[in-house]
DNA sequence: GCGATGCTTCGGTGCCGGCCGTACCGTCCG
DNA sequence: CGGACGGTACGGCCGGCACCGAAGCATCGC
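Chains as they are written, first to last, in the working numbering: chain V, 1265 to 1498; chain F, 1265 to 1498.
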């Protein structure tokens, strides 16, 4: 099979509204059951099952059987990156749908703070990224990021634990990820995942219902102000 | 229109073999006529015309009218990045087609040296990137790249002119771009474009027929050895 | 065992869209 | 002007696939 055909295969997988909805939902990095995904896609269980089988066959999804449930999640950060890229291009290049895109409260919440696979995105993601730059943990210019030599200890000062060492599994430590809503790069990679985990584990943010959006807790607001020097988002 | 639907729209545009072939061909950064694109896609002119109209309507392509010709090119480096990303994921995650992918001489040429929109890729792209790192022009780690403070003069030592200054049009100076065949990041961004231009203008490489592949000229081999310290590719 | 639940497989229907033949429009050239 | 050429609009054909209903498996709980 030629390369263009392989690309077309991936494209057509992303090109169905039901599958796109499922993939978008899985962008929060969690694993969901076929039934949940059927609901978000607005199709019946048997239709969803077919979609999920195709996505898994193409190794875009990974499944874990657990009892009578099948948990589906994105197969890798690379796949998450692909989806984020497509979303960004869609946002940028597709002509505006119609007048104002009438952003609902849900959209506003998403833009303010959300997860992007396993790291922070949206206004919160940008602010945290900027704070880490300001505190000398990472450098972030030219749309590219690097961990500074002293980054690890400064990170520890912020209360975030992070194992040093080379990238495992080829996953970069500090990767830039172009933000879908902000259109500037935010922090991704292993460091981004660690930061996000710190925020979730420390109850600084909480997941909003079943979406990618995050709600910043009172404790989180305090920490952002005291430790990160962030007073305003977005 | 919701975000998943916008993503699906992009996906379905990439998801047709004929359109995928056209986009793949345009990855060399040049502008081609509708007739040429029809030929590479293996469809008639009227079919190609419809495809191109749809791609342009979605702002994935830009057209320039010139006499009775219409030249089509990728709308932006972002679109090129999107396509490269999809190709890479397709290569990595799609199950192997059948036994050995029987790479033809054409494929070998592509893997050795090619353009990726407007910068160098393949074995040559990796080698040049590594050489620039070794010579202290750029730093490239963690899958991210930055221009060093002394990079500009060291670049001039290599005979490559480059305007300094901030990114114009928001395009980063030194961006990493994950190589489709090598699966490591190579140099992209404005610097990558300048390097590629230097290689083409200086006749160090020449385009191979109508593909993205590049042939390294004798002069190019000499320059690679003498100036870049590159003796072996890939 | 039996039912309930979660998921998949199968069969059939309907629609979207890719494709081409034909015809039409604009540009270049003799 | 008239023909050649590149490109575009229209109409009809047809294959693929998204969808659902019904039925078939697996697993859990009683």
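Where is the CB? At the ideal position from N, CA and C, for every residue including glycine.
Can you give me, in chain order, the residues of the region 1346–1363 of chain V that have a beta carbon less than 9 Å from any beta carbon in chain F?
Here the close residues are 1346, 1347, 1349, 1350, 1351, 1352, 1353, 1354, 1355, 1356, 1357, 1358, 1359, 1361 and 1362.
Identify every run of the alpha helix (DSSP H) within the region 1331–1400 of chain F, keeping only runs that are complete inside it and at least 4 residues long; order them along the chain.
Every alpha helix (DSSP H) stretch that sits fully inside the region 1331–1400 of chain F and reaches 4 residues is listed by chain position as 1341–1357, 1369–1376 and 1386–1398.
Return helix, strand or coil for residue 1492 of chain F, following the three-state DSSP convention.
Looking at residue 1492 of chain F - three-state DSSP - the assignment turns out to be coil, as it is neither helix nor strand.
Using the three-state DSSP reduction, which class does residue 1484 of chain V fall into: helix, strand or coil?
When DSSP states are grouped into helix, strand and coil, residue 1484 of chain V belongs to the helix group.
Taking the C-alpha atoms as reference points, what is the distance between residue 1267 of chain V and residue 1355 of chain F?
Roughly 8 Å between the two C-alpha positions.
Closest by C-alpha distance to residue 1475 of chain V, when choosing among V:1313, V:1375 and V:1281
Checking every option, the nearest Cα to that of residue 1475 of chain V belongs to V:1375.
Please state if the CB of residue 1380 of chain F and the CB of residue 1344 of chain F are separated by a distance shorter than 8 Å.
Less than 8 Å divides the Cβ of residue 1344 of chain F from the Cβ of residue 1380 of chain F.
Among residues of its own chain, excluding the 5 on either side of residue 1364 of chain F, which ones have a beta-carbon nearer than 8 Å to its beta-carbon?
Low confidence applies here, because residue 1364 of chain F scores a pLDDT of 49, under 50, leaving its location unreliable; read the following figure in that light. Around residue 1364 of chain F: no qualifying Cβ.
What is the C-beta distance between residue 1395 of chain F and residue 1493 of chain F, in whole angstroms, given that I count them as a contact (C-beta under 8 Å)?
Contact between residue 1395 of chain F and residue 1493 of chain F is confirmed by a C-beta separation of about 6 Å, below the 8 Å threshold.
Does any residue of chain F bring its CB to less than 8 Å from the CB of residue 1386 of chain V?
Chain F, which has no Cβ nearer than 8 Å to the Cβ of residue 1386 of chain V, makes this no.
Could you give the residue range of the beta strand (DSSP E) that holds residue 1442 of chain V?
Looking at the DSSP string, the run of the beta strand (DSSP E) that includes residue 1442 of chain V is 1439–1442.
Spell out whether any CB of chain F is found under 8 Å from the CB atom of residue 1370 of chain V.
At least 8 Å separates the CB of residue 1370 of chain V from every CB of chain F.
In the DSSP output, which residue or residues are listed as bridge partners for residue 1470 of chain V?
Answer is V:1479, bridged to residue 1470 of chain V.
Using beta-carbon positions only, say whether residue 1404 of chain F and residue 1393 of chain F come within less than 8 Å of one another.
Against a cut-off of 8 Å, the Cβ pair of residue 1393 of chain F and residue 1404 of chain F comes out as a contact.
Going straight from the alpha carbon of residue 1270 of chain V to that of residue 1358 of chain F, what length do you get?
If I take the Cα positions, the gap works out to 8 Å.
Cβ closer than 7 Å: which chain V residues qualify as neighbours of residue 1413 of chain F?
What residue 1413 of chain F touches in chain V: nothing, since even the nearest Cβ is about 12 Å away.
Going by DSSP, what residue range makes up the alpha helix (DSSP H) through residue 1451 of chain F?
Premise fails: residue 1451 of chain F lies in the beta strand (DSSP E), 1449–1452, not in any alpha helix (DSSP H).
If contact means a Cβ-Cβ distance below 7 Å, which residues of the region 1465–1490 of chain V contact chain F?
Cβ contacts with chain F: none found.
Where residue 1425 of chain V falls: helix, strand or coil (DSSP):
Note: residue 1425 of chain V maps to coil in three-state DSSP.
Would you give the residue range spanned by the alpha helix (DSSP H) that residue 1269 of chain F belongs to?
Looking at the DSSP string, the run of the alpha helix (DSSP H) that includes residue 1269 of chain F is 1267–1278.
Is residue 1486 of chain F buried or exposed, if buried means 16 or more other CB atoms sit within 10 Å of its CB?
Exposed is the call here.
Starting from residue 1446 of chain V and walking both ways along the alpha helix (DSSP H), at which residues does that stretch end?
Membership of residue 1446 of chain V in any alpha helix (DSSP H) is not indicated, and neither H nor E is assigned to it by DSSP.
Could you give the first and the last residue of the continuous alpha helix (DSSP H) run that contains residue 1240 of chain V?
Because chain V spans 1265 through 1498 in this model, residue 1240 of chain V falls outside it and cannot be assessed.
The region 1325–1336 of chain V in contact with the region 1278–1295 of chain V per 3-pair CB rule at 8 Å
Segment contact: the region 1325–1336 of chain V against the region 1278–1295 of chain V, three or more CB-CB distances shorter than 8 Å; contact assigned.
Quick one: using the 10 Å Cβ neighbour count with 16 as the cut-off for buried, is residue 1382 of chain V buried or exposed?
It is buried - the Cβ of residue 1382 of chain V has at least 16 other Cβ atoms within 10 Å.
Close Cβ partners of residue 1469 of chain V (< 7 Å) along its chain, the five nearest in sequence each way excluded
Non-local C-beta neighbours of residue 1469 of chain V in its own chain, meaning closer than 7 Å and more than five positions away in sequence, comprise 1377, 1463, 1478, 1479, 1480, 1481 and 1484, ordered along the chain.
What in chain F is Cβ-close to residue 1284 of chain V, meaning under 8 Å?
Those are 1268, 1269, 1271, 1272 and 1275, listed as they occur along chain F.
Could you tell me the distance, in whole angstroms, from the CA atom of residue 1414 of chain V to the CA atom of residue 1401 of chain V?
Rounded to the nearest angstrom, the two C-alpha atoms are 7 Å apart.
Test: residue 1395 of chain F CB closer than 8 Å to a CB of chain V
No, residue 1395 of chain F lies away from the interface with chain V (no Cβ there is under 8 Å from its Cβ).
With a CB to CB cut of under 8 Å and the five nearest residues on each side skipped, what residues in its chain are close to residue 1397 of chain F?
Apart from the 5 residues on each side of it in sequence, residue 1397 of chain F sits with its Cβ closer than 8 Å to the Cβ of 1403 and 1404 in its chain, given in chain order.
By alpha-carbon positions, which one of V:1385, V:1349, V:1495 and V:1441 ends up nearest to residue 1471 of chain V?
Taking only the C-alpha atoms, the option nearest residue 1471 of chain V is V:1385.
Could you pull out every residue in the same chain whose Cβ sits closer than 6 Å to the Cβ of residue 1328 of chain F, ignoring the five residues on either side in sequence?
So the list reads 1335, once near-sequence residues are dropped.
Could you name the residues of the region 1303–1319 of chain V whose beta carbon sits closer than 7 Å to any beta carbon of chain F, in the order they occur along the chain?
Taking 7 Å as the upper bound on Cβ-Cβ separation, chain F lies near no residue of the region 1303–1319 of chain V.
Rounded to the nearest angstrom, what separates residue 1320 of chain V and residue 1371 of chain F at their Cα positions?
So the alpha carbons of these two residues sit roughly 28 Å apart.
If you draw a straight line from the alpha carbon of residue 1314 of chain F to that of residue 1435 of chain F, how long is it in whole angstroms?
Taking the straight line from one Cα to the other gives about 31 Å.
Return no unless some Cβ of chain V is closer than 8 Å to the Cβ of residue 1379 of chain F.
So, not an interface residue.
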